[in-house]
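Below you'll find the structure, written out as structure tokens, and then a few comments.
Numbering (our numbering), first residue to last: 166 to 590.
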């Protein structure tokens, strides 16, 4: 199937051909026809599958075909809300690329920078607005933005919106939108909270799921290293110097941790840059630009900042800190193995992160191979993993924790409650 078969108009087809795009990805193939019929949509697809084009192309087509009905000063007719500055910029670039022959004008607004250039662009009139929640509400309150003319609203990375605590801001934005509009949700995972939110906002949307919600990237080779908290930086330096790593995206749980990793790598003569919320927008864009262009091969990021990183040739993703939300693991390793490429994901696990690893393995329904052949091995764990298969024998009783806390499978009921108080037994 081609984009022409989907009924895409000539100006957009010309832009797609200029970029070398002839065939839609599965999420595009299934979503675009629904959106061209102006149906609400809840879309779930793995990172890197083309969600931006899946909603940008039909929105651009609707706006282009109705352009003669909206003469006069341009009004915001399409709103895309996304969690991070980097992702907002990336989406804005997508609208510019696919719509460059349509005359549709878009702009991007986000916090962390002075608002002058953004308000100037708004005053000139835009058709499509891509925004982060905080700056959007701020400029609405100042009177620079009205949403009364919006006909298309998109909530992108909806699951991460909830993770970042944007739920109250999103509800405020929704209240300011017209009741008559086409609403779209796109997300890489669909936890129960997202499904509940979609029912409240979308009503009865069409649904498109390309990959199972709990599937991980199929082309990514995964491995876990058991190492102490203090030994992590030594192991990281060892791997980066001894292994063929052409480019690596390293995940830290905290901003301070990201900066500390960069500092320690530079001491070991390994050039790296950090990207997180405390960095200025200029610094973040420079670091991201250097990484995308290949001028720097190591980028250390927090989960929030990494949402806008779309680089096709990342050879390695390294989970320096395991995420405490299992679905985040899927997001992270999806940054490698994109398009037709393969990738490698390494995860460091210390004593305190064993429960996180256990839950990740249950989520992806597989045991991640353990690499024990490294000089900083702190302990070995035979982590029990319950996979979704019919049991052939009577299930064993759960491992019991010894008095020393080191026996069995690395922790019993008492230790599990320490990290997951909602789990009982």
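Virtual Cβ for every residue (Gly too), placed ideally from N, Cα, C.
- Take residue 244, set aside five residues on each side of it, and the residues of its chain with a beta-carbon closer than 6 Å to its own are 294, 315, 318, in chain order.
- Taken through DSSP and simplified to helix, strand or coil, residue 207 comes out as strand.
- For residue 347, the uninterrupted beta strand (DSSP E) segment begins and ends at 347-352.
- Shown here, residue 369 sits in coil according to DSSP, grouped into three states, outside any helix or strand.
- Sequence-distant Cβ neighbours of residue 441 in its own chain, meaning closer than 6 Å and more than five residues away, are 420, 423, 467, 470.
- Unbroken alpha helix (DSSP H) runs of no fewer than 4 residues, entirely contained in the stretch 419-488, are found at 420-432, 446-458, 468-471, following chain order.
- Sixteen is the threshold: since fewer than 16 other Cβ atoms of the shown chains lie within 10 Å of the Cβ of residue 459, the residue is exposed.
- The secondary-structure analysis by DSSP pairs residue 387 across a beta bridge with 510.
- In the structure shown, the three-state DSSP call for residue 338 is helix.
- Per DSSP, residue 542 lies in no beta strand (DSSP E) segment and is marked neither H nor E.
- In the DSSP assignment, residue 317 is bridged to 243, 347.
- Counting the other Cβ atoms within 10 Å of the Cβ of residue 247 gives 16 or more, which makes it buried.
- For residue 296, the enclosing beta strand (DSSP E) has its first and last residue at 293-296.
- In the structure shown, residue 266 adopts coil according to DSSP, grouped into three states.
- One alpha carbon belongs to residue 534, the other to residue 308, and they sit about 55 Å apart.
- Residues of the same chain with a CB within less than 8 Å of the CB of residue 426, apart from the 5 flanking positions on each side, are 398, 401, 415, 417, 437, 439, 465, 485 in chain order.
- Between the alpha carbons of residue 510 and residue 410 lies a gap of roughly 11 Å.
- Per DSSP, residue 171 lies in no beta strand (DSSP E) and is assigned neither H nor E.
- Here residue 280 is near residue 300, since their CB atoms are less than 9 Å apart.
- Remark: C-beta atoms of residue 363 and residue 413 do not approach each other more closely than 9 Å.
- For the options 540, 326, 223, the alpha carbon positioned closest to that of residue 296 is the one of 326.
- In the DSSP assignment, residue 228 is bridged to no other residue.
- Counting every other CB atom within 10 Å of its CB across the protein chains shown gives residue 358 a total below 16, marking it as exposed.
- Residue state for residue 415 is assigned as strand, using DSSP reduced to three classes.
- Straight-line measurement puts the Cα of residue 435 at about 45 Å from the Cα of residue 337.
- If you check the CB distance, residue 194 and residue 171 come in under 9 Å.
- Exclusion of the five residues before and after residue 491 leaves 524, 525, 528 as the residues of its chain whose Cβ lies within less than 6 Å of its Cβ.
- In this structure, 252 is the residue among 187, 218, 478, 252 with its C-alpha nearest to the C-alpha of residue 446.
- If you look at residue 495, you'll find it in the alpha helix (DSSP H) that goes 491-498.
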